[in-house]
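In our numbering, the protein residues as written are 12 to 350. Okay, structure first, notes after.
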Ligand code: ADP
Ligand code: MG
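And the structure:
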């Protein structure tokens with residue numbers, strides 16, 4: 012449904028439009044509408060935009076964990092206990108993810124694919140079916156697969172647990188956005204934004220002013236706050252409104268707590284800033300899952316700027332985030348929390 016709407020939107024918009032002060036390109040990738048603006052005339056921007064689009068589409072193929080993705084094939088071999096050789100671009104992504112998993116104390120867990128599948132969130136359109144049974148969740152919890160279970164043996168990698176299924180959904184968008192920005196920089200672009208469905212990275216400025224990023228209100232239409240930044244910086248949000256279903260009057264969303272096997276319920280939306288989009292993406296997920304303990308995980312992941320909308324109580328922001336926020340006339344009740 013979301014996808015169909017986005018496709019219609021793309022058809023209505025011209026694929027590569029001239030902004031008054033920049034050149035813009037929109038297309039569908041990474042399961043969302045991607046919107047790139049480069050602060051340069053089309054003569055300079057078009058080739059850069061084309062190459063950035065190619066980079067994003069390549070990342071989508073590489074990191075798709077189910078169906079015909081490169082990672083899906085790898086997952087199949089790993090669950091059968093086969094030793095695999097990892098292509099360098101896959102291996103380096105896994106190394107980064109492993110480091111982030113450790114720093115997040117396992118709350119960002121890219122080996123979580125089988126649990127995601129139990130909940131049905133691996134499907135583009137989740138079937139109307141009940142949540143998984145406690146018994147099935149317990150089997151996954153007993154195995155507790157993590158990237159530490161992917162071990163090197165005679166130059167190849169083997170999985171120590173059949174329950175290990177790689178799902179980079181909480182992090183691949185960050186890797187891809189980093190790559191797209193690098194492509195733009197190689198073309199000599201100094202001011203740009205790569206926006207993948209609200210998760211984004213900016214370079215430089217938007218003309219004379221900073222880039223202005225709206226953070227969606229998780230519980231209503233419209234914007235909670237505007238974040239004003241000059242790059243390079245990434246802004247990533249994890250929200251419980253992205254993918255969810257209702258069953259017998261209860262709401263279940265796609266951000267799963269690897270400690271309980273259930274959706275993490277203490278937070279509705281959490282936004283982080285960091286230069287590295289991959290770290291920002293993993294951290295938004297990990298801090299969301301951490302619930303009220305997010306300051307601890309922010310410290311161990313080196314994240315200073317955080318805005319959190321808890322399930323109950325006022326909005327929470329760190330002093331570093333406060334410096335970038337413009338509430339305008341919408342200022343909600345909020346608390347400043349030092350991580
Ligand atoms: P979005 O993809 O909506 O931007 P995230 O970056 O937070 O949001 O990624 C959510 C996706 O990551 C889920 O759809 C699922 O595939 C996977 N996932 C869910 N919980 C976790 C977790 N605790 N650690 C790692 N990945 C997770
Ligand atoms: Mg994430």
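Ideal Cβ positions, reconstructed from N, Cα and C, are used throughout, including at glycine.
{"Asked": "Pull up the CB-CB distance for residue 336 and residue 236, whole angstroms please, since I reckon it's below 8 Å.", "Found": "5 Å"}
{"Asked": "Are three or more beta carbon pairs between the stretch 279–299 and the stretch 308–328 nearer than 8 Å?", "Found": "yes"}
{"Asked": "Counting along the chain, where does the beta strand (DSSP E) carrying residue 195 start and finish?", "Found": "Run containing residue 195: none in the beta strand (DSSP E); it sits in the alpha helix (DSSP H), 183–197."}
{"Asked": "Under 7 Å, do residue 108 and residue 94 count as touching if we go by C-beta distance?", "Found": "no"}
{"Asked": "Using the Cβ count rule (16 or more neighbours within 10 Å means buried), how would you classify residue 23?", "Found": "For residue 23, the predicted model reports a pLDDT of 45, less than 50, meaning its position is unreliable and no value from the coordinates is stated."}
{"Asked": "Less than 6 Å between C-beta atoms, sequence neighbours within five positions excluded: which residues of the same chain meet that for residue 243?", "Found": "214, 286"}
{"Asked": "Report the residue from 129, 174, 308 whose alpha carbon sits nearest the alpha carbon of residue 274.", "Found": "129"}
{"Asked": "Determine whether the beta carbon atoms of residue 194 and residue 83 lie at a separation below 7 Å.", "Found": "no"}
{"Asked": "Please name the residue in 301, 162, 119, 175 whose C-alpha comes closest to that of residue 76.", "Found": "175"}
{"Asked": "How big is the Cα-Cα spacing for residue 199 and residue 49?", "Found": "11 Å"}
{"Asked": "Judging by CA-CA distance, which residue of 100, 78, 177, 262 is the nearest neighbour of residue 159?", "Found": "177"}
{"Asked": "Would you be able to state if there are at least three C-beta pairs under 8 Å between the stretch 248–265 and the stretch 292–300?", "Found": "yes"}
{"Asked": "Thinking residue 308 and residue 115 are a contact (beta carbons under 8 Å), I'd like their distance in whole angstroms, please.", "Found": "6 Å"}
{"Asked": "Can you check DSSP and say which residues form a bridge with residue 264?", "Found": "255"}
{"Asked": "Use the C-beta contact count for residue 143: other C-beta atoms within 10 angstroms, 16 or more gives buried, fewer gives exposed.", "Found": "buried"}
{"Asked": "I'd like the list of long-range same chain contacts for residue 172, defined as Cβ closer than 7 Å, with 5 residues on each side in sequence excluded.", "Found": "154, 156, 160"}
{"Asked": "Tell me which same chain residues have a C-beta within less than 7 Å of the C-beta of residue 256, skipping the five on either side of it?", "Found": "137, 263"}
{"Asked": "So what does residue 345 bridge to, in DSSP terms?", "Found": "326"}
{"Asked": "Determine the extent of the alpha helix (DSSP H) in which residue 105 is found, giving its start and end residues.", "Found": "99–114"}
{"Asked": "To the nearest angstrom, report how far apart residue 126 and residue 182 are at their CA atoms.", "Found": "17 Å"}
{"Asked": "Determine, using beta carbons only, whether residue 212 and residue 288 come nearer to each other than 7 Å.", "Found": "yes"}
{"Asked": "With hydrogens ignored, establish whether the beta-carbon of residue 181 is closer than 6 Å to any heavy atom of ligand 2.", "Found": "yes"}
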